[in-house]
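For reference, the structure discussed in these notes is given below.
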Amino acid sequence: SMYTFQSTLGANMSMFMSKFLQYYPDFQMAFITTDSPFFVGPSIDNATVDPVGDSVTIIDSIGTGGSGTEKGLMMLNNCMAFGDCETWMRPNAILVAIFVSDEPDFSEWTWNAFTMAFDSMKPNAFIPYGIIGDVPGGCSAPNGRYITAGMGYYEIINHYLGQWWSICNEDWGDQMEEVADSISIQTNFPLDHEDPVVDTITVWVNGQ
Numbered sequence: 076s077m078y079t080f081q082s083t084l085g086a087n088m089s090m091f092m093s094k095f096l097q098y099y100p101d102f103q104m105a106f107i108t109t110d111s112p113f114f115v116g117p118s119i120d121n122a123t124v125d126p127v128g129d130s131v132t133i134i135d136s137i138g139t140g141g142s143g144t145e146k147g148l149m150m151l152n153n154c155m156a157f158g159d160c161e162t163w164m165r166p167n168a169i170l171v172a173i174f175v176s177d178e179p180d181f182s183e184w185t186w187n188a189f190t191m192a193f194d195s196m197k198p199n200a201f202i203p204y205g206i207i208g209d210v211p212g213g214c215s216a217p218n219g220r221y222i223t224a225g226m227g228y229y230e231i232i233n234h235y236l237g238q239w240w241s242i243c244n245e246d247w248g249d250q251m252e253e254v255a256d257s258i259s260i261q262t263n264f265p266l267d268h269e270d271p272v273v274d275t276i277t278v279w280v281n282g283q
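Just so it is clear: in the sequence shown, position 151 is 226 by my numbering, and no numbers are missing.
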């Protein structure tokens, strides 16, 4: 059922990556599926020669032969606990998870249990986003198929003040650029000292 959406994701990945790379991020990116905690393809980072092409190739290679019972939250948890993410995650970096699914999450745990697990493995450094079925009533995809609301993912995203977009959107171009903007722009800058002298504060972002 994900074939159309994976094709759309692959076709619009260049827009996401082009927008994302405009911010000169210090990043690493990897892909997992909703039934495995291990990476599909190599990890992509600043040293990757063609991050756009490589990401599209990885998405195309995933295929649609996985389990029909999607457990995206459990696979992310397992990836962080004992899968490829365990040693790959950088201690001082924010972990951004982007879920893409046309079904609710069918993991065995409740979403509250996952918040405790994510908080223990990435305290104050985890932000989830999603491209999911519209909440609360689901949505109709361009191919006419009804897509169920992305419950499970939605509660996690809402809990961590992330953001979600409709998987039924016919044009993912603007949507993918919005995802890139949302995960790239830092608007919170914690200060090192209490009661600072406000007039002495200067913030530089990308040389400005």
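Each residue gets a CB set at the ideal place from its N, CA and C atoms; glycine is no exception.
Under 8 Å by Cβ, that's how I've got D180 and G147 pegged, so tell me the actual separation to the nearest angstrom.
-> 5 Å
Under the three-state DSSP convention, the category A168 falls into | coil
Does DSSP classify C214 as helix, strand or coil?
-> strand
Taking the alpha-carbon positions, what's the I133 to E253 distance?
-> 22 Å
Starting from Q238, follow the beta strand (DSSP E) in both directions and report where the run begins and ends.
-> Q238 to S241
Which residue from S118, D101 and G128 puts its Cα closest to that of M88?
-> G128
Which value, in whole angstroms, describes the spacing of the CA atoms of S82 and D135?
-> 7 Å
Between W239 and I232, is the Cβ-Cβ spacing less than 8 Å?
-> yes
Check whether W186 and E230 have beta carbons under 8 Å apart = yes
Taking three-plus beta-carbon pairs below 8 Å as touching, is the region 150 to 164 in contact with the region 207 to 221?
-> no
So is N121 buried or exposed if we call it buried at 16+ other beta carbons inside 10 Å?
-> exposed
Roughly how many whole angstroms lie between the Cα atoms of I276 and S182?
-> 46 Å
Report yes if the C-beta distance between M90 and M251 is below 8 Å; otherwise report no.
-> yes
Among M150, C154 and I169, nearest to I258 - alpha-carbon criterion | I169
Do you know whose CA, among V124, Y98 and M149, lies nearest D110's CA?
-> M149
Exposed or buried, what is S195 when buried is set at 16 or more other beta-carbons lying within 10 Å of its beta-carbon?
-> exposed
In angstroms with no decimal places, state the Cα-to-Cα distance between G227 and K94.
-> 28 Å
Identify, in the order they occur along the chain, each residue of the same chain with its Cβ nearer than 8 Å to the Cβ of H234, setting aside the five sequence neighbours on each side.
-> W186 and T190
Between the beta-carbon of V175 and the beta-carbon of L84, is there less than 8 Å?
-> yes
Starting from the C-beta of P100, find all residues in its chain whose C-beta is less than 7 Å away, skip the five residues before and the five after it, and write them out in chain order.
-> S259
Hey, out of N167, P198, L96 and I107, whose CA is closest to N153's CA?
-> I107
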